[in-house]
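Going by the numbering used here, the sequence shown opens with residue 392, and the numbers climb by one from there. Even glycine gets a Cβ: it sits at the ideal position worked out from N, Cα and C. I have placed the structure first, in the form of structure tokens, so that the comments after it can refer back to it.
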Amino acid sequence: MPDYLIAPSILSADFARLGEDVSNVLDAGADVVHFDVMDNHFVPNLTVGPMVCKSLRNYGISAVIDVHLMIEPVDALIPPFANAGADIITFHPEASQDVAATLALIKENGCKAGLVLNPSTPLEQAIPFLTQIDVLLLMSVNPGFGGQSFIPATLDKIRQARALIDKQQLSIKLEVDGGINLDNISDVAAAGADMFVAGSAIFASKDYRKTITQMRSALTQ
Ligand code: DX5
Ligand code: ZN
């Protein structure tokens, strides 16, 4: 059985009391903190930067922080995020002039590196970099906002990505982001994903523990 990771997206957390909310979701059983960074340029929304990541570390958050960069250009913010306590940094290939160099920069800064593919970006874009990445993140919504509906065509892309990873016996985490909830998480797992971002489905629920426990049991059925 794959090692399934549930990664709540801070996008739907309460930013006025972020440390407490992230701490609560981790106490409730989440594995990873998914940290969405938007620049109002690569995507039409604006969130937070390295200072807030550092603040979470200072608050005492010790879980893995998975930084999803939806910014362009990306390179200049990689060392600041690594210094702020990021463990994983992923970016969209469209946002880098030299994808291999950006991946190398992330690793030089001591983080795991990943590529993110939008729903309309073909899987082929990631193929030349498969031996360089630790995480492949497939978007199941168009990036920019939480609370959107899962795009069903993503399931096929997940299956193809899983086949590629397994064929080459690579140890890449296959992460899926957008619209994941209790109704579809088992389909996403059955297609081959092993890391699940969920923002609104977790943070908008009244009882984080109940939701995460139900998600985990949907994954293991
Ligand atoms: C979208 C972000 C996602 C999103 C997930 O641009 O990358 O992480 O916030 O939120 P939900 O689970 O609500 O779709
Ligand atoms: Zn994200």
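Report the partner residues of His530 according to the DSSP bridge assignment.
As a first step, residue 530 must be located in the sequence shown, where it is residue number 139. Note that residue 530 corresponds to Met in the displayed sequence, not to His. According to DSSP, Met530 bridges with Asp568.
Could you please give me the residues that DSSP links to Phe482 through a beta bridge?
Taking the sequence shown and counting its residues from 1, the one referred to as residue 482 is at position 91. Phe482 pairs with Leu460, Leu506.
Based on the DSSP secondary-structure assignment, which residues constitute the bridge partners of Leu396?
By one-based count along the sequence shown, residue 396 stands at place 5. Bridge partners of Leu396: Met586.
Between Pro534 and the ligand DX5, is the CB less than 7 Å from at least one heavy atom?
Stepping through the sequence shown from its first residue, residue 534 is reached at position 143. Pro534: yes, Cβ under 7 Å from the ligand DX5.
Of the choices Ala517, Ala504, Ser591, whose alpha-carbon is the least far from that of Gly538?
Numbered from its first residue, the sequence shown carries residue 538 at position 147. Cα-wise, what sits closest to Gly538 is Ser591.
Using beta-carbon positions only, say whether Lys503 and Asp525 come within less than 8 Å of one another.
Counted from its first residue, the sequence shown places residue 503 at position 112. Counted from its first residue, the sequence shown places residue 525 at position 134. Yes, these two residues count as a Cβ contact at 8 Å.
From Gly583, Ala584, Asn575, Asp585, pick the residue whose C-alpha is nearest to that of Gln605; which is it?
As a working note, residue 605 is residue 214 in the sequence shown. Ranking Gly583, Ala584, Asn575, Asp585 by Cα distance to Gln605 puts Asn575 first.
I want to check one thing, is the minimum distance from the CB of Ile542 to the heavy atoms of the ligand DX5 below 7 Å?
As a position in the sequence shown, residue 542 is number 151, starting the count at 1. No, Cβ of Ile542 sits at least 7 Å from all heavy atoms of the ligand DX5.
Relative to the C-alpha of Ser577, which residue among Gln612, Gln551, Val439 is closest?
Translated into positions along the sequence shown, residue 577 becomes position 186. Checking every option, the nearest Cα to that of Ser577 belongs to Gln612.
Under the rule that 16 or more other beta-carbon atoms within 10 Å means buried, what is Ala595, buried or exposed?
Sequence index remark: in the sequence shown, residue 595 carries index 204 (1-based). Ala595 is exposed by the Cβ-count criterion.
Met586 to Lys564, Cα distance in whole Å?
Against the sequence shown, residue 586 aligns to sequence position 195. Against the sequence shown, residue 564 aligns to sequence position 173. Their backbone Cα atoms lie some 7 Å apart in a straight line.
Less than 8 Å between the beta carbons of Leu622 and Leu521, yes or no?
Since the first residue of the chain shown is 392 and the last is 612, residue 622 is not available in this structure.
Say the cut is 7 Å; is the CB of Ile571 nearer than that to a heavy atom of the ligand DX5?
In the sequence shown, residue 571 corresponds to position 180, counting from 1. At least one heavy atom of the ligand DX5 is nearer than 7 Å to the Cβ of Ile571, so yes.
Compute the Euclidean distance between the alpha carbons of Ala581 and Ser511, then round it to the nearest angstrom.
The count along the sequence shown starts at 1 and reaches residue 581 at position 190. The count along the sequence shown starts at 1 and reaches residue 511 at position 120. Straight-line Cα distance between these residues: approximately 22 Å.
Going by alpha carbons, who is nearest to Asn533 out of Asn572, Ile603, Val434?
Residue numbering aside, residue 533 sits at position 142 when the sequence shown is read from its first letter. Selected option, being the one with the closest Cα: Val434.
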